[in-house]
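Student: Heads up: the sequence shown is residues -23 to -1, 1 to 331, going by mature numbering (1 follows the signal peptide of the UniProt record, and there is no 0).
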Amino acid sequence: MNLFIQISYKLFLLLSFTQCIGCENVPELAENADKFDFEQACPDADDIYPCECIFNDWNNTMNLNCTMVEGEDELAQVFASLPSLNFDSLVMSENRNVKILKAGVFGNVTFKELSFTLGVLEEVEAGALDGSMNTATTIEFDANDISIFPFETIEGFTNLRYLSLEKNSIAVFPRISSQSLNYLSLIWNPTGNFPADAFENLPSLIIVELGLSDVVSIEAGAFSNLSELYELGLEFNLLSHIPAGAFATSSANLDEIYINNNRIEEVEPNAFQAVNGMRIYLSDNKLTLLKEEVWRPLVEANVHLGLYGNPLECGCDLAWLVLEPELMHQVFANSQCADGVLLHDLDPGIFEDC
């Protein structure tokens, strides 16, 4: 056995033993570590060429890389003769040949993680990934040209936690249902606005990323069903008006809302639900006023505001903030007026007569 592997394995057993006082079989395993058989389970290299199987002997998993396949037919041929095998991951990165993932292409082979990135994929057919419905935890198709994807099948992936299709060509916001999904990213797709019930059947979402997606408006209550929401990204969109209830949520864990680099001119009272310690990133928008009825309830509830790059007039509308240092403390230090003066440097004396 490789000496490094043998030492690492013994160290692993030692650490396990310290956390497992009374586990009778651990000393016996440690004593026989040099007899442990790290037999590689990968298929014969010739049978899966040009794909490559990499065996991880630390956790006995197989990982498949199919970056070098020359087309849909060759990809199908690789899996056509394989028996039922369980791989930990499948990777295809920077492949310039495969444009369609066809239904049943992976035969009886299953994966926990599927990653197809920086390619030319245009379509993923219904049934292409279904063999991994019970095993897949991660599905990633970032930086392709996908316009057709079987979102309607996601509900059947009962262990799926992570779904990302960043930088593709999805033109309509998809209907997705999943009880297990924690992370959803559709950044850099021309999806436009999403319906008010878009997340109704995604109750376990923790992170939602929808930046660079041509979103013009948000309907009240769109995120109200997300009781576990922690981070929401809507940066670099076309938002100009934030209505009451736009960011209402049942989550007590919401920590970050990114709506920077939009065109926001107006925010209505009660647009945001205050969560202690939450940060709202509003930089590089078109806000000219910080109306007390909108922002005081938030900063009083320990919500932090990032306002850099807005043409704030810094007139009497700011008196409520400037005259109460404990509230100003909730504003990011780089927030500034249209003339470049930092909000934290404004002279309270100027606002006393407001």
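All residues carry an ideal CB built from backbone N, CA and C; glycine is no exception.
1. Do you know how far the Cα of I183 is from the Cα of A120?
2. Can you tell me which of C30, F328, L187, W297 puts its alpha carbon nearest to the alpha carbon of N239?
3. Taking only beta-carbon positions, decide if N36 is within less than 8 Å of chain B.
4. Would Y26 be called buried (16 or more neighbouring beta carbons within 10 Å of its own) or exposed?
5. Since S181 and N159 should fall inside the 8 Å C-beta cutoff, what is the C-beta to C-beta distance between them, to a whole number of angstroms?
6. Could you give the DSSP three-state label for L179: helix, strand or coil?
7. What three-state label does DSSP hand E29 in the structure shown?
8. In or out: T94 buried (at least 16 other Cβ within 10 Å) or exposed?
9. Would you tell me roughly how many angstroms separate the C-alpha atoms of I116 and D24, rounded to the nearest one?
10. Quick one: what does DSSP say M305 is sitting in, helix, strand or coil?
11. Starting from the C-beta of Y139, find all residues in its chain whose C-beta is less than 6 Å away, skip the five residues before and the five after it, and write them out in chain order.
12. Return the CA-CA distance between S124 and E99, expressed in angstroms with no decimal places.
13. CA-CA distance, D122 and M69?
14. Report the CB separation of L91 from L67 in whole angstroms; it is logged as a contact under 8 Å.
15. Could you tell me how far apart the beta carbons of I219 and V244 are, in whole angstroms, since I believe they sit closer than 8 Å?
16. W35 to V82, Cα distance in whole Å?
17. Taking the alpha-carbon of F213 as reference, which of L206, V276, N237 has the nearest alpha-carbon?
18. Under three-state DSSP, which class holds C293?
19. Classify T130 as helix, strand or coil using the three-state DSSP reduction.
20. Where do the ends of the alpha helix (DSSP H) carrying F56 lie?
21. Taking the continuous beta strand (DSSP E) assigned at R256, which residues delimit it?
22. Hey, quick one: how far does the alpha helix (DSSP H) through E277 stretch, first residue to last?
23. Pull up the CB-CB distance for D232 and K268, whole angstroms please, since I reckon it's below 8 Å.
24. Hey, quick one: how far does the beta strand (DSSP E) through D65 stretch, first residue to last?
25. Enumerate in chain order the residues of its own chain whose CB-to-CB distance from L137 is below 7 Å, with the five nearest sequence positions on each side excluded.
26. Using the Cβ count rule (16 or more neighbours within 10 Å means buried), how would you classify C28?
27. Considering just the uninterrupted stretch of the beta strand (DSSP E) at E117, what are its terminal residues?
28. For Q54, count neighbouring Cβ atoms within 10 angstroms of its own Cβ and tell me buried if that reaches 16, exposed if not.
29. Counting only the same chain and skipping the five closest in sequence on each side, list residues whose C-beta sits under 6 Å from that of N230.
30. Starting from M39, trace the beta strand (DSSP E) in both directions and tell me its first and last residue.
31. Are the beta-carbon atoms of L275 and V299 separated by less than 8 Å?
32. Determine the contact status of F176 and N145, defining contact as a CB-CB distance below 8 Å.
33. Could you pull out every unbroken alpha helix (DSSP H) segment of at least 4 residues lying fully inside the region 182 to 235, listed in chain order?
34. Using only the alpha-carbon positions, how far apart do A18 and E143 sit?
35. Using the DSSP secondary-structure output, state which residues sit across from T87 in a beta bridge.
36. Expressed to the nearest angstrom, what Euclidean distance is found between the alpha-carbon atoms of N37 and D21?
Tutor: Result, derived from the coordinates:
1. Translated into the one-based positions of the sequence shown, residue 120 becomes position 143. Translated into the one-based positions of the sequence shown, residue 183 becomes position 206. Going by the C-alpha atoms only, they are around 23 Å apart.
2. One-based indexing of the sequence shown puts residue 239 at position 262. With distances taken between Cα atoms, N239 lies closest to L187.
3. Absent from the structure: chain B. Only one protein chain is present.
4. The count along the sequence shown starts at 1 and reaches residue 26 at position 49. The residue is exposed, with fewer than 16 neighbouring Cβ atoms inside 10 Å.
5. The residue labelled residue 181 in the question sits at position 204 within the sequence shown. The residue labelled residue 159 in the question sits at position 182 within the sequence shown. Rounded, the Cβ-Cβ distance is 6 Å, consistent with contact.
6. As a first step, residue 179 is located in the sequence shown; it is residue number 202 there, counting from the start. Three-state result, L179: coil.
7. Looking up residue 29 in the sequence shown gives position 52. Looking at E29 - three-state DSSP - the assignment turns out to be strand.
8. Here the question's residue 94 lines up with position 117 in the sequence shown. Flag for T94 reads buried.
9. Translated into positions along the sequence shown, residue 116 becomes position 139. Translated into positions along the sequence shown, residue 24 becomes position 47. Those two C-alpha atoms are separated by around 25 Å.
10. The residue given as residue 305 occupies position 328 in the sequence shown. Looking at M305 - three-state DSSP - the assignment turns out to be helix.
11. Position 162 of the sequence shown holds residue 139. Cβ within range, chain order: T115, Y160.
12. For the purposes of this step, residue 124 is taken as the residue at position 147 of the sequence shown. For the purposes of this step, residue 99 is taken as the residue at position 122 of the sequence shown. Their Cα atoms are separated by approximately 6 Å.
13. Sequence index remark: in the sequence shown, residue 122 carries index 145 (1-based). Sequence index remark: in the sequence shown, residue 69 carries index 92 (1-based). Each residue's Cα considered, the two are about 14 Å apart.
14. Sequence index remark: in the sequence shown, residue 91 carries index 114 (1-based). Sequence index remark: in the sequence shown, residue 67 carries index 90 (1-based). Right, the Cβ-Cβ distance comes to about 5 Å (below 8 Å), so this counts as a contact.
15. Against the sequence shown, residue 219 aligns to sequence position 242. Against the sequence shown, residue 244 aligns to sequence position 267. Yes, they are in contact, since the Cβ atoms of I219 and V244 sit about 4 Å apart, within 8 Å.
16. Counting from 1 along the sequence shown, the entry for residue 35 is found at position 58. Counting from 1 along the sequence shown, the entry for residue 82 is found at position 105. Their backbone Cα atoms lie some 29 Å apart in a straight line.
17. Looking up residue 213 in the sequence shown gives position 236. Answer by Cα proximity: N237.
18. As a first step, residue 293 is located in the sequence shown; it is residue number 316 there, counting from the start. DSSP places C293 in helix when its eight states are reduced to three.
19. If you number the sequence shown from 1, residue 130 lands on position 153. Per DSSP, reduced to three states, the secondary structure at T130 is helical.
20. Indexing the sequence shown from 1 puts residue 56 at position 79. Residues 49 to 57.
21. Locating residue 256 in the sequence shown gives position 279, where the first residue counts as 1. Per DSSP, the continuous beta strand (DSSP E) segment holding R256 begins and ends at 256 to 258.
22. Residue numbering aside, residue 277 sits at position 300 when the sequence shown is read from its first letter. That run of the alpha helix (DSSP H) goes 269 to 277.
23. As a working mapping, residue 232 is identified with position 255 in the sequence shown. As a working mapping, residue 268 is identified with position 291 in the sequence shown. The pair is not a contact, with the Cβ atoms about 24 Å apart (cut-off 8 Å).
24. Your numbering for residue 65 matches position 88 in the sequence shown. Element bounds for D65: 63 to 70.
25. Position 160 of the sequence shown holds residue 137. Closer than 7 Å at Cβ, skipping near neighbours: A113, T114, I116, I131, S155, S157, L158.
26. The residue labelled residue 28 in the question sits at position 51 within the sequence shown. It is buried - the Cβ of C28 has at least 16 other Cβ atoms within 10 Å.
27. For the purposes of this step, residue 117 is identified with residue 140 of the sequence shown, where counting begins at 1. Per DSSP, E117 belongs to the beta strand (DSSP E) from 115 to 117.
28. In the sequence shown, the residue the question calls residue 54 occupies position 77. Q54 is exposed by the Cβ-count criterion.
29. The residue labelled residue 230 in the question sits at position 253 within the sequence shown. Cβ neighbours of N230 beyond the five flanking positions: Y207.
30. Within the sequence shown, the letter at position 62 stands for residue 39. Where M39 is concerned, the enclosing beta strand (DSSP E) stretches over 38 to 42.
31. Against the sequence shown, residue 275 aligns to sequence position 298. Against the sequence shown, residue 299 aligns to sequence position 322. No. Outside cutoff.
32. As a working mapping, residue 176 is identified with position 199 in the sequence shown. As a working mapping, residue 145 is identified with position 168 in the sequence shown. No, the Cβ-Cβ distance between F176 and N145 is not below 8 Å.
33. none
34. In the sequence shown, counting from the first residue as 1, residue 18 sits at position 41. In the sequence shown, counting from the first residue as 1, residue 143 sits at position 166. Taking the straight line joining both Cα atoms gives about 33 Å.
35. By 1-based counting over the sequence shown, the position of residue 87 is 110. DSSP output for T87 lists N63 as bridge partner(s).
36. Residue 37 sits at position 60 when you count from the first residue of the sequence shown. Residue 21 sits at position 44 when you count from the first residue of the sequence shown. A straight-line Cα-Cα distance of about 17 Å links N37 and D21.
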